[in-house]
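Number of protein chains: 2
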Amino acid sequence: MPVPVRFADSDLKTEVEEGATVLEAAARAGLWLPAPCGGEGTCGRCQVEIREGLEDNRLEGGDWEKVLACRKQIEGPLTVRIAPPLTGLLPLPPGPAVSDVMTSDFFPADPPLLIYRLRLTPPHADDKQSDLSRLRQALSRHNCLDLEIEASQLAQLPRRLRELEWQIQVTVMNGRLVDIVPLESPNPLALAVDLGTTSVWLELLDLSDGKILGGMAGPNLQQGEDVISRIIAANKPRGYEFQQKAAVASINQLLEPLLRALGRAGEEIKLVSLAGNTVMSHLLQGLNCRYLRLAPYVPAAENFPLMQAGQLGLAVCPHAPVMLMPAVSAYVGGDIVAGIMAAEMHQSEALTLFIDLGTNGEVALGNNQWMMAAAASAGPAFEGGGISMGMNFAPGAIIDFRLSRPEDEPVLTVLGGGRARGICGSGLLALLSHLLQTGILEPGGRLNQQRGAKRLREGEGGLEYVLQWGEDGHDDHDGHDGYGPVVVTEADIQNLLRAKGAMYAAYATLLGTVGLRFSDVEQIILAGSFGNSLNLEHAVTIGLLPELPVEKFRYVGNSSLSGARLAALSTGRICAAERVKAGITSLELAEQPLYMANYTAALFFPHTQAEELFPKTWRRLKNNFGG
Amino acid sequence: MPVPVRFADSDLKTEVEEGATVLEAAARAGLWLPAPCGGEGTCGRCQVEIREGLEDNRLEGGDWEKVLACRKQIEGPLTVRIAPPLTGLLPLPPGPAVSDVMTSDFFPADPPLLIYRLRLTPPHADDKQSDLSRLRQALSRHNCLDLEIEASQLAQLPRRLRELEWQIQVTVMNGRLVDIVPLESPNPLALAVDLGTTSVWLELLDLSDGKILGGMAGPNLQQGEDVISRIIAANKPRGYEFQQKAAVASINQLLEPLLRALGRAGEEIKLVSLAGNTVMSHLLQGLNCRYLRLAPYVPAAENFPLMQAGQLGLAVCPHAPVMLMPAVSAYVGGDIVAGIMAAEMHQSEALTLFIDLGTNGEVALGNNQWMMAAAASAGPAFEGGGISMGMNFAPGAIIDFRLSRPEDEPVLTVLGGGRARGICGSGLLALLSHLLQTGILEPGGRLNQQRGAKRLREGEGGLEYVLQWGEDGHDDHDGHDGYGPVVVTEADIQNLLRAKGAMYAAYATLLGTVGLRFSDVEQIILAGSFGNSLNLEHAVTIGLLPELPVEKFRYVGNSSLSGARLAALSTGRICAAERVKAGITSLELAEQPLYMANYTAALFFPHTQAEELFPKTWRRLKNNFGG
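Following this line, the structure appears as structure tokens:
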């Protein structure tokens, strides 16, 4: 028996079988609730309010029951309220702000998607060639030969050409028809996407001049916190379908407000270029990724077939081709290939360490002669995942933190101003760095009550540092509504310590396997989506990055997104990505004897061998810790 | 409110909106009733029996109401009985019987679909390349480079390769993956189809040696008697969908018993090659064909994109490519291109007249230097369409008729023996010829009661000739159940006269426009599906074919089907078809000043100028008619 479910504050209704969860019902209605724990009921992120029966009147007052959408099974007609409404969308400014790789002035001469503006001669008694022949003939005069077309496009062609009175703008990619629109239509758009494990970033480009019109970032709504739990969730019944639709929904929910703000329509997007790690790329295409996590860790493909946006459900022109960056191996993905291509590491003679500080934490070492790469699988801690009050870089996030002396009140910077809802990666970096420098945080990861810090208190799970007190005496833990307290617990700090340890061990192991040392590195390229900047000093202080001269560091922002953008604008860049991919040797860290020792040694702020590896940092810190 | 409809004698049930017709309900349930009148309620072919309510017990006895499925609107729950059950499927013998063009020994060296048998090395710690790379590498050793694969195929690849333990048989067409099956699977199959306006013919081929394993023929279940009424029906609401599904259902309903008889499965068919006239090709692909019947008569395409069988709904391997023969113009289609290619008219120095005696009646004239073609639009009369008791070449059809003197009892030949259900093309030819020679039929098309024929009687619509009396005194007209009388009426004869007039006028006009005469023709190639043979003498006697020396005629059977078969087996033949298509000048008969005069002159058995054009025939006939 199908049971009706209604979603309050929206017109959405759906029907599900008895026993389905509220999470499943929401997904069916097109509402994607975050469920990083994979629907196991442990993360609490999918909490909603329900009321039995279907309410058709305004839903003021009354009793609502709080439940976890992933655990609540539906037994009869139900009304569901999602509160607070989904947040976390971050509008990005137009122009090159998202990344310093390539300014928006860049426009190459070799776009993969070609635009033709044609005035066809209509058929008449002496020229009865078919509509398709007529179109092909006109295109061949522009050196576009033997246009390929799908049956579904051909079905519409006769009516379309006559509606438009034979005056058309045609987009073509790889010799295949993408779309036909009126001659005077605005320039077609491309969508560049960084499909990250935790966050999704996108940019809208003008395909005629390569200009970045705007961008947007928000959460990846798939189930599972890291790539491994994503794969596990995918292999549950209908899991692949869920993960694929969730990835598409993550993109669509960002695209809609972005298009609205720019006054453009999804139909105008004729090309989608996407970079993601190997698991994200597999899940987006619905590819079996069972064998990505079983030895010997084999992907279904490194090069992914072009897809059509409509088949995926992306809210753009249905025949827009969707390109995916090629991957190197199961854990070295298209995101790092895109990043290396965008940052041009493969063209540099300098020995370069490329560090992508994402959930999958990919790292590459090499230059224009050789390159190797590995995934650190650091987890999402530095993107706010697995942290009690963590969130992504979005309005309401604490993005910076200052504290001069343990007993001082801290100075917080909240994105968008006002009270904080949580804390994001750059805020966590600043927090750890200042707590360490004030001695409140011990190198082993414990909080020290002996320093006179007024913001330390005993929480439910142990010691915690209070960044923001609750309002009106509401100091308990039901935050997330923007008015509760914001705290960081010792457990959170342990998560961050493990994440930074995994990253550092990855660099050390890559260098170790080729017999090099940190001092041999001539350049460090830092990529990631720490807002618009990464505070190098904080990152070195806690040991997330090696202590090297500051001039060796270069922060390129979201280079995965930059690579996706460049591929959308340049066939040469698509080929360059293929060369990068082919030139990388992939290293499985877990199989390296060095790795576990390196990891254990790094489970300390900044490092167990701080005196040797972080001499300047340690000189600042050692007074605190009697070193 | 959806209303349930049940189909008796089957397990089929469906639901339709109130007001839908029984024809629509049947189509939704997958039952395709013939409706050549396009659902106008005029042909009576879709008659069914209905009873209100849903009957779940055995449906013996009781009252059933006879209705036309296309006119009966559904108002409440209904049970529908289709009686007699759909018939008209004709099993064809294996081997070259269907056509004399190319024997089944022919197997070219250039098949378009390639078969690879591979033993892949499984991945291991030192070889972690992706499954797709592994497959591509193995294929590249056989010169199959850069295999293309769809996302949906790639999604299944990891599991498939492991299930089959890396021992596989791979089919590839145009560099694209078709299917992967176990290494030891039987040889893959191809399906060749002649999608005729009235009849559908198919053949199953072994792709490894080109052998014809068997064939089947049956009715085309689309709405509309000829190509024009097909287009009109398509342009009704949801008409394209209906016509496309009906074409596919016509093929599937023949395929199923054929596969069963051969002990093979639809999945084993990896390639479909199809020939049809331009309208059939458009409707199969769901292409807009509105402009095919509006001046200047422009097709959507002459070359049709490859489709995948699964998208069309064909009951074969879902990724099997579906090839369509290219068309020349709106009314000169892929069927005649296939026929000319198969019969090799384009390689002959002799001036050849190619005549395809189908509903669309296509005619070509030329040799290896030049070629022109036109459609006669003769209508379906010689395939039994528009004839009161007409039927296709199928069990129960009168296929031959003899009568020496007017007063004799005729001698009938019924396909499969027993009593007749109707009369098909070859039977109609024989009937007209004998009635003409015995003087019962006048050259103007009237029946003559003065000749002492015992089988002439006054029917409801005028004079009629009784081929088979009804049994047990049931001499009324509700035939079609195999036991009633079989008659041919004067109205039927007028239809046949117009059909043969249109054909003859087409030959005469083609010759006339290039200043040639029938005596210049060195070879006549006759194509069509008159069972296994065409009685030349009958066809000349009534003036359907010109009177020329018998040695100039060559009957090639269903050459459209032969062309489809050859294309399935040979890339060279696909190219040859493209050359044939490109070399044909299409002539619009209706625009030729000569045509109407030629048509009017041919509306006479055998011809108004019989003494000049049919001298030998007229010498035999003139005693009857005082010429």
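Protein chains in written order, with the working numbering: chain A, 10 to 636; chain B, 10 to 636. All C-beta atoms, glycine included, are put in the ideal place defined by N, C-alpha and C.
Determine whether the Cβ of residue i lies closer than 8 Å to any Cβ atom of chain B.
i         : result
GLY295(A) : yes
HIS443(A) : no
SER139(A) : yes
MET316(A) : yes
HIS133(A) : yes
ILE534(A) : no
GLU193(A) : no
GLU311(A) : yes
LEU166(A) : yes
ALA163(A) : What sits at residue 163(A) in the sequence shown is Leu, not Ala. Chain B, which has a Cβ nearer than 8 Å to the Cβ of LEU163(A), makes this yes.
TYR300(A) : yes
SER282(A) : no
Of all the options the options, which has the alpha carbon lying nearest to the alpha carbon of residue i?
i         : options                                    : result
LEU63(A)  : ILE91(A), GLY572(A), VAL14(A), GLU26(A)    : VAL14(A)
ARG150(A) : SER161(A), LEU129(A), GLU159(A), ASP140(A) : LEU129(A)
LEU173(B) : VAL187(B), ALA164(B), LEU192(B)            : LEU192(B)
LEU545(A) : ILE364(A), ALA270(A), GLY48(A)             : ILE364(A)
SER139(A) : LEU166(A), ASP203(A), TYR125(A)            : LEU166(A)
TYR474(B) : GLU499(B), ARG414(B), GLY461(B)            : GLU499(B)
GLY141(B) : LEU437(B), LEU472(B), ILE189(B)            : First, the residue type needs correcting, since residue 141(B) is Leu and not Gly in the sequence shown. It is ILE189(B) whose Cα lies nearest to the Cα of LEU141(B).
LEU543(A) : ASP409(A), PRO602(A), ALA511(A)            : ASP409(A)
ARG239(B) : ALA201(B), GLN176(B), HIS291(B)            : HIS291(B)
MET316(A) : ASN633(B), GLU159(B), ILE59(B), ALA517(B)  : GLU159(B)
PRO11(A)  : VAL179(A), VAL57(A), GLY85(A)              : GLY85(A)
ALA258(A) : GLU276(A), GLN232(A), ALA242(A)            : GLN232(A)
According to the Cβ coordinates, are residue i and residue j closer than 8 Å?
i         : j         : result
ALA274(A) : SER569(A) : no
ALA384(A) : GLU371(A) : yes
GLN477(A) : VAL495(A) : yes
THR206(B) : GLY367(B) : yes
GLY343(B) : MET334(B) : yes
GLU311(A) : ALA336(A) : yes
With 8 Å as the threshold, decide whether the Cβ of residue i is near any Cβ in chain A.
i         : result
ARG563(B) : no
VAL307(B) : yes
SER397(B) : no
SER113(B) : Any reading at SER113(B) must be qualified, since the residue scores a pLDDT of 41, below 50, and its modelled position is unreliable; the value itself is stated next. SER113(B) does not count as touching chain A.
LEU158(B) : Checking the displayed sequence, the identity of residue 158(B) turns out to be Ile instead of Leu. Yes, its Cβ sits closer than 8 Å to a Cβ of chain A.
ARG239(B) : no
ARG588(B) : no
ASP487(B) : Low confidence applies to ASP487(B): its pLDDT is 48, below 50, so where it sits in the model is not reliable, and the reading given next is rough at best. By this cut-off, ASP487(B) is not an interface position.
Could you tell me if residue i is buried or exposed, where buried requires 16 or more neighbouring beta carbons within 10 angstroms of its beta carbon?
i         : result
ARG588(B) : exposed
HIS616(A) : buried
CYS326(A) : buried
ILE480(A) : Sequence check: residue 480(A) is Glu here, not Ile. Answer is exposed; the Cβ neighbour count stays below 16.
THR609(A) : exposed
TRP627(B) : buried
ALA591(A) : exposed
CYS79(A)  : buried
CYS584(A) : exposed
GLY227(B) : buried
GLN459(B) : exposed
ASN229(B) : buried
GLY379(B) : One detail in the question is off: residue 379(B) reads as Trp in this sequence, not Gly. By the 10 Å Cβ count, TRP379(B) comes out exposed.
LYS81(A)  : buried
GLN176(A) : exposed
Considering only residues of the segment 192-246 of chain B, which uninterrupted alpha helix (DSSP H) runs meet the minimum length of 4 residues and lie entirely inside it, listed in chain order? Taking only runs of at least 4 residues, the alpha helix (DSSP H) segments lying wholly in the segment 192-246 of chain B are 236-243.
Note down, one range per segment and in chain order, each beta strand (DSSP E) of at least 3 residues found wholly within the segment 272-347 of chain A. 278-285, 330-333
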